[in-house]
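K.L.:
Got a structure for you, questions after.
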Amino acid sequence: MADIDIPAHLIDLESTAWAEQQQGALTFAAADAVQAAYRKHAAATGVSRLELEMAVKQTVRHPASEPAA
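With the first letter of the sequence shown counted as 1, position 62 gets the number 46 in the numbering used here; the numbers rise by one all the way through.
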């Protein structure tokens, strides 16, 4: 996966959604906000939305691990 510049607001949105998901209380609003932010950032920067989402989730869910090859 290429190096992707991840803005802080994406980390915040994903962190909120991840916390809700772990509690079994993920709301549609949280999930939709994250996906909309991924689409908007990917379109604005020309990066793959999927690669962006994978990079953000890796950062939020596995902060101490190495990125996937």
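Glycine residues also receive a C-beta, built at the ideal position from the N, C-alpha and C atoms. Model, not experiment: these values are computed from the prediction.
Go through its chain and collect everything with a Cβ distance to Leu10's Cβ below 8 Å, but skip five positions before and after it.
P.N.:
Ala1, Glu4
K.L.:
Return the residue from the list Ala27, Leu34, Asp(-4), Ala28 that minimises the CA-CA distance to Ala17.
P.N.:
Asp(-4)
K.L.:
Does DSSP put Leu(-6) in a helix, in a strand, or in coil?
P.N.:
Correct three-state label for Leu(-6): helix.
K.L.:
Does Glu37 pass the burial test, meaning 16 or more other C-beta atoms within 10 Å, or should it be called exposed?
P.N.:
Buried: at least 16 other Cβ atoms inside 10 Å.
K.L.:
Suppose the cutoff is 6 Å on Cβ atoms and the five residues either side in sequence are ignored; what does the same chain contact list for Lys41 look like?
P.N.:
Excluding sequence neighbours, Lys41 sits near nothing in its chain.
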